[in-house]
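Let me begin by presenting the structure, written as C-alpha cells, before commenting on it.
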Amino acid sequence: MSIRRNQGLVLSEVMFILLLISAMVMVVFVGRLSLDEAKRTEAAKATAVTLLKWFDELGSEASKVPAALQEKCRPAEPAEDAAAKTEVKVAARTWVECRDALLAEGGPLHEEKNPFEPEYSVFSEKCDRGNRGTRGGIVVEESLKVAPGQPAAFAPITHGRVLEKDLGIRIAICDKGSFVIKIGESKL
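As numbered in numbering that gives the first Met the number 0, residues 0 to 187 make up the sequence shown, in order.
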C-alpha cells in the first residue's frame, strides 16, 4: 500500500476547487438577483396596499380624501330635490377618470412608478406573460354578479366602467413572471 506524501495538488483537485469556487460565485449572483426581484415585488405590493387603503378611506364617512379626488372617484349617488321630491341625476364617474386623478398631481399615486418597468404605467389591465410592461403593474378588478352559493368572480375593470355605490373591487399586482398576487378587496 502506497501513501502519497505531500506532493502538492493534482489537476483533478485543482479542477474541483475551481468548480466549487465558481458554484459559490453563481449562488451569490443568483441570490442577489432574487433579492432585487423581491425588493421590486415588495415595492409594487406597497403601492397596491396604499391604493387599497385609499379606497377603504374613500368609502368611510370621516374621509380625509381631498375633495377633488372624491369628485372623480367617489360613486355618484342620486341627490334628491327637496322641493320637487324627485331624484336629480348626477353625472356618472368612470374608472378612467378616477385612475387619472389617482396618478395626477396631488393624487396618492402621483410619485409612484412601476418598479419593474419604470417607463410603463403603474396600472395594468391584466397580467400578461407576453407583455413585459405588465410586470409590477397594479390590476384593479371588479366583482361580478354570481348566483347564490357560487364563489366570487372578478374581471378586470374597464376604462368606461361607471363607479357605483357598493361596487366590489379587488386589487392585485403582477410579479416578475406576470403571475397575479392578490392584495385585497374593498367596496366603493
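Idealized CB from N, CA, C, for every residue including glycine.
Keep in mind the model is a prediction, meaning the values are calculated, not measured.
Please classify residue i as buried or exposed, where buried requires at least 16 neighbouring CB atoms within 10 angstroms.
i, result
"S185", "buried"
"K144", "exposed"
"N113", "buried"
"V121", "buried"
"K38", "exposed"
"E104", "exposed"
"G106", "buried"
"L17", "exposed"
"S11", "exposed"
"K164", "exposed"
"D99", "exposed"
"F54", "buried"
"T133", "buried"
"A146", "exposed"
"L192", "Residue 192 is absent from the model: the chain starts at 0 and stops at 187."
"L8", "exposed"
"A22", "exposed"
Assuming residue i and residue j form a contact by the criterion Cβ under 8 angstroms, report the distance between their Cβ atoms to the nearest whole angstrom.
i, j, result
"G135", "E116", "6 angstroms"
"I182", "L51", "6 angstroms"
"E96", "K71", "5 angstroms"
Please say whether residue j and residue i have beta carbons closer to each other than 8 angstroms?
i, j, result
"V138", "P150", "no"
"E199", "T46", "Given a span of 0 to 187 for the chain in the structure shown, any question on residue 199 remains unanswerable."
"F93", "L162", "Note that residue 93 is Thr in the sequence shown here, rather than Phe. It is a contact, given that the beta carbons lie within the stated cut-off."
"K175", "T49", "no"
Inset, instruction - Could you say if the region 29-37 and the region 163-173 meet the contact criterion of at least three C-beta pairs nearer than 8 angstroms? - result: no
Inset, instruction - Report the residue ranges of all beta strand (DSSP E) runs contained in full by the region 149-180; include only those spanning at least 3 residues, in chain order. - result: 152-155 and 167-173
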